[in-house]
Structure formats: C-alpha cells, structure tokens
Amino acid sequence: MIVLLGLLAGIALGLLLDPAVPLWLQPYLPIAIVAALDAVFGGVRARLEGVFDEKVFVVSFLSNAVIAALIVFLGDQLGVGSQLSTGVVVVLGIRIFSNAAAIRRRVFGA
Amino acid sequence: MSEPERTRPEDLRGWRVLADMLRPRSTPGQWVGALLCVVLGFAVVAQVRSTDRDSTFATARQDELVGILSDLGQRSERLRGDLRELERTREELVRDGEGAAAVEEARRRATVYGLLAGTLPAEGPGVELVAADPAGRLRAVHLLDALEELRDAGAEVVQIGDVRAGVGTHFVDAAGGIAADGRLLSAPYRFLAIGDPHTLTTALNIPGGVVRTLQGSGATVALSQRAKVTVRAVRSG
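So the protein lines, in turn, are chains A and B.
To convert, note that position 110 of the first sequence is 110 in our numbering; the numbers rise steadily by one, no gaps.
Quick note, our numbering runs 110 ahead of the 1-based positions in the second sequence.
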C-alpha cells in the first residue's frame, strides 16, 4: 500500500516539479526505468508467492537499474550502444512479461 | 521490529492475496520500497516529459545524430544555393528598375522575338535563292528541305514567295504549285533569307545539299549573296 502510494507520490512530484533530465543521464534513464520496472514486477510476484524480502527487493531494484545503465554506457563506449540498449530492453521486456504472467496466474488462477 | 511479512499459505489465492498486499503496513522495508517507487515514478514522469519535449533527438544515438546532422547540412547547402540564385535575380531586378534600362531591354527583346516569330518586317544581309521549275517536279518536301537548311545555317528571317516563314510554317503540294501556310506559290520559288551570307551560301552549296537536290529534281537554281535583303512579309500574331 505504502509502496503504491510512493509510486503515485513520485508521479505527482514529477508532474509538479516538471524536471528536466540532465544531458549525461538521457541515454541511460529509459533503460534504468525499464530495469526498475522489472524489479517492481519481480517484487510483486515474490510478494504474491509469499517469498518477498525487502532487502532482495531494494538490492535488485538498485542493481538492475545501475547494471542496465552500465551496459548501455559500455555499449556507447564500444560503439554498439543502440544495439545493446535494444538487447537490454528485449531481455527486460521478456522478464517483465514472465513476471506479469506469474502475477496473473496467482491473481486470476489462470 | 515487526516480524517478516509471511502470508499464510491458504491465503495465497486469487483476490484475497491482492487485498492482503494492499493492506497498509508500516515496516521499514515498506518505506524503503515506497522511497524507491517515489524515485521510479519521478524518473518515469521526467523521462516521459523530456521525450514529449524533444522526441526526435533525446533518444537518438550518436550515429543517428550524425546522420540527421549530415542530412541537415545537405539541405541547408541546397537552400543556400537557392538563396544565392534568388538574391541574384533580385539584384538584377533592382538594377533593371533604375531608369529606362529595363524598358530598353524589354523593347530590344520584343524586337528580337518579333523577328523570330515573324511579326515584324526585317532587313539585313542575306541570300536570295530562286528555284525555277520548268519540269514541274518540285514538291513541298523540297521547299521544306530548303527552309530547314536555311534555318540550320543560321537564317533568322526567311520569306518564301510572299510568305513569311515562322515556326509553324508548312508546305502542301497543290494543283499548279505548292501551298505554304495555305497560300499558293508557283514557280519560280524565291527564298529571301537574312543571316550571314557566306555561311548560308556554303550550307546550301555543300555536295548533296539543297542546291544539288533541287538541281537533281530538274530545277534551275540561282543563289546570290546580298548585302541587304528586305523581308516585308509578316505573319499575323
């Protein structure tokens, strides 16, 4: 509940403050967001399965975002940034879908 | 410190587990998760906003940007060329607009075009070609050949009989002669052409040229250079 409120508070805060994404962060923020979304879905799934652990959630959230951004950064340095970020998005997308499928099975039993 | 959030196994079904999850709890873990979600929501909104603001370039990678930049460079180069051309035209117009130079130029052009179109009488050096046709074997095609040859050699104004030649001049075989632009001409056919006399004479006299062809058809040809040829016939409109 608090987590959901936090998400809403963050969105409201973003709408109110209307922040500009700093230039150096622009290539990495979208990927980091997708990675964080993956962590959130994983957390919800774990919660539904009764194996949720705050520490795991926090660490996976942060490390996912940082690693995703790092991979894109490395790809940029190697000159394959766009391909690598596509790859990261695909992998994270697959994970999000499988987590969403597990959540769906839990909630709807189908 | 509260005990770990463990739901009893029989609760792990359907909507009940969802409702259980949404029940407010206040554990440190929940607060940390909430904090992370604040950051996530904030980041999502910031990213969406910046994508809205600048959807073309914010997500573009370096090589895409280079492509876009070079496209822009080419386009601006093209536009700059257009600009130069337009400025030149404008300068010319401004210059022409000063005084009577423009009017003079326009008159000169009108005269030139009038001569070419055949709406003005003309006078100048040229040649006279007279083809007598005692055997009556000259056809429209021969006159057309002669006219084309004169034009090719640089004749600016041509008159055949009393017909001024223009771009639409045509020849038709008719009883008792040849009709040029619908007017009947009869032998001898007389061409008056204004142009460089020497060039015209050479062009008509080349082996296999117009004079030879006419002679081959049984005509007698008289070609003379003139310092002054007067063409009075005009075309209407």
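Positions of the beta carbon are idealized from the N, C-alpha and C atoms, including for glycine.
Residue of the options minimising C-alpha distance to residue i
{"i": "B:L132", "options": "A:A68, A:I2 and A:S85", "result": "A:I2"}
{"i": "B:A129", "options": "A:G10, A:L84 and A:L48", "result": "A:L48"}
{"i": "A:V72", "options": "A:P22, A:L5, A:A32 and A:R106", "result": "A:A32"}
{"i": "B:A313", "options": "B:V237, B:V204 and B:A241", "result": "B:V237"}
{"i": "B:G146", "options": "A:V107, A:V59 and A:A46", "result": "Note that residue 146 of chain B corresponds to Leu in the displayed sequence, not to Gly. Ranking the options by Cα distance to B:L146, first place goes to A:V59."}
{"i": "B:R336", "options": "B:D262, B:T161 and B:L302", "result": "B:L302"}
{"i": "B:T67", "options": "B:Y299, B:N315, B:A263 and B:E233", "result": "It is not possible to answer for residue 67 of chain B, since the shown part of chain B is limited to 111 through 347."}
{"i": "B:D283", "options": "B:A297, B:A275, B:T323 and B:G276", "result": "B:A297"}
{"i": "B:Y299", "options": "B:I316, B:P244 and B:E266", "result": "B:P244"}
{"i": "A:W24", "options": "B:W125, B:R171, B:D162 and B:Q269", "result": "B:R171"}
{"i": "B:G286", "options": "B:N315, B:D173 and B:L248", "result": "B:L248"}
{"i": "B:V102", "options": "A:G14, A:P22 and A:L5", "result": "It is not possible to answer for residue 102 of chain B, since the shown part of chain B is limited to 111 through 347."}
{"i": "A:R104", "options": "A:L29, A:F41 and A:V88", "result": "A:F41"}
{"i": "B:V277", "options": "B:A227, B:P317 and B:R205", "result": "B:A227"}
{"i": "B:R346", "options": "B:V204, B:V273 and B:G183", "result": "Note on residue identity: the sequence assigns Ser, not Arg, to residue 346 of chain B. Cα-wise, what sits closest to B:S346 is B:V273."}
{"i": "B:T265", "options": "B:S180, B:S136, B:G246 and B:T311", "result": "Checking the sequence, you will find Ala at residue 265 of chain B rather than Thr. Cα-wise, what sits closest to B:A265 is B:T311."}
{"i": "A:L13", "options": "B:A153, B:S136 and B:R135", "result": "B:A153"}
{"i": "B:D173", "options": "A:L78, A:L15, A:G50 and A:V51", "result": "A:L78"}
{"i": "A:S98", "options": "A:F52, A:T86 and A:L37", "result": "A:L37"}
{"i": "A:A9", "options": "B:A144, B:R342 and B:S136", "result": "B:A144"}
Residues that DSSP places opposite residue i in a beta bridge
{"i": "B:E238", "result": "B:L302 and B:S334"}
{"i": "B:Q132", "result": "At residue 132 of chain B the sequence reads Leu, which differs from the Gln that was named. In DSSP, B:L132 forms no bridge with anything."}
{"i": "B:I288", "result": "B:D283 and B:L295"}
{"i": "B:R274", "result": "B:Q269"}
{"i": "B:E233", "result": "B:T340"}
Cβ distance (whole Å) where residue i is taken to contact residue j below 8 Å
{"i": "A:N64", "j": "A:A20", "result": "The Cβ separation is near 24 Å, so there is no contact."}
{"i": "B:L260", "j": "B:V331", "result": "About 13 Å; that fails the 8 Å criterion."}
{"i": "B:V344", "j": "B:P231", "result": "6 Å"}
{"i": "B:G139", "j": "A:L7", "result": "Not a contact, Cβ separation roughly 16 Å."}
{"i": "B:V155", "j": "A:I96", "result": "Rounded, the Cβ-Cβ distance is 19 Å, inconsistent with contact."}
{"i": "B:L295", "j": "B:G271", "result": "4 Å"}
{"i": "A:A68", "j": "A:L92", "result": "7 Å"}
{"i": "B:G305", "j": "B:A263", "result": "7 Å"}
{"i": "A:P30", "j": "B:Q157", "result": "6 Å"}
{"i": "A:G75", "j": "A:L84", "result": "3 Å"}
{"i": "B:A216", "j": "B:L324", "result": "Wrong, their Cβ atoms sit about 41 Å apart, outside the cutoff."}
Where residue i falls, given that 16 or more other Cβ within 10 Å makes a residue buried
{"i": "B:L175", "result": "exposed"}
{"i": "B:V321", "result": "buried"}
{"i": "B:G328", "result": "exposed"}
{"i": "A:A39", "result": "buried"}
{"i": "B:H280", "result": "exposed"}
{"i": "B:H308", "result": "exposed"}
{"i": "A:P27", "result": "buried"}
{"i": "A:A100", "result": "exposed"}
{"i": "B:A220", "result": "exposed"}
{"i": "B:V148", "result": "buried"}
{"i": "A:R45", "result": "buried"}
{"i": "B:V222", "result": "exposed"}
{"i": "B:E202", "result": "exposed"}
{"i": "A:F57", "result": "buried"}
{"i": "B:S160", "result": "buried"}
{"i": "B:P119", "result": "A caution first: B:P119 carries a pLDDT of 48, below 50, which makes its placement in the model unreliable, though a value can still be read off. Exposed, by the Cβ-count rule."}
{"i": "B:D121", "result": "With a pLDDT of 46 at B:D121, under the threshold of 50, the predicted position of this residue should be treated as unreliable, though the coordinate-derived value follows. Result: exposed."}
{"i": "A:F108", "result": "exposed"}
{"i": "A:V66", "result": "exposed"}
{"i": "A:R106", "result": "buried"}
{"i": "A:L17", "result": "exposed"}
{"i": "B:R126", "result": "exposed"}
{"i": "A:G43", "result": "buried"}
{"i": "B:Q269", "result": "buried"}
{"i": "B:E113", "result": "Because B:E113 carries a pLDDT of 43, less than 50, the predicted location of this residue cannot be relied on, and the following value inherits that uncertainty. That one is exposed."}
{"i": "B:L189", "result": "exposed"}
{"i": "A:V90", "result": "exposed"}
{"i": "B:L257", "result": "buried"}
{"i": "B:L182", "result": "exposed"}
{"i": "A:G81", "result": "buried"}
{"i": "B:V267", "result": "buried"}
heavy atom of the ligand COA below 8 Å from residue i C-beta
{"i": "B:V158", "result": "Absence of the ligand COA from the depicted structure is noted, as is the absence of any ligand whatsoever, leaving it without description."}
Kindly confirm or deny that the stretch 278-292 of chain B and the stretch 249-260 of chain B touch, where touching means at least three C-beta pairs closer than 8 Å.
-> At 8 Å Cβ cutoff, the stretches touch.
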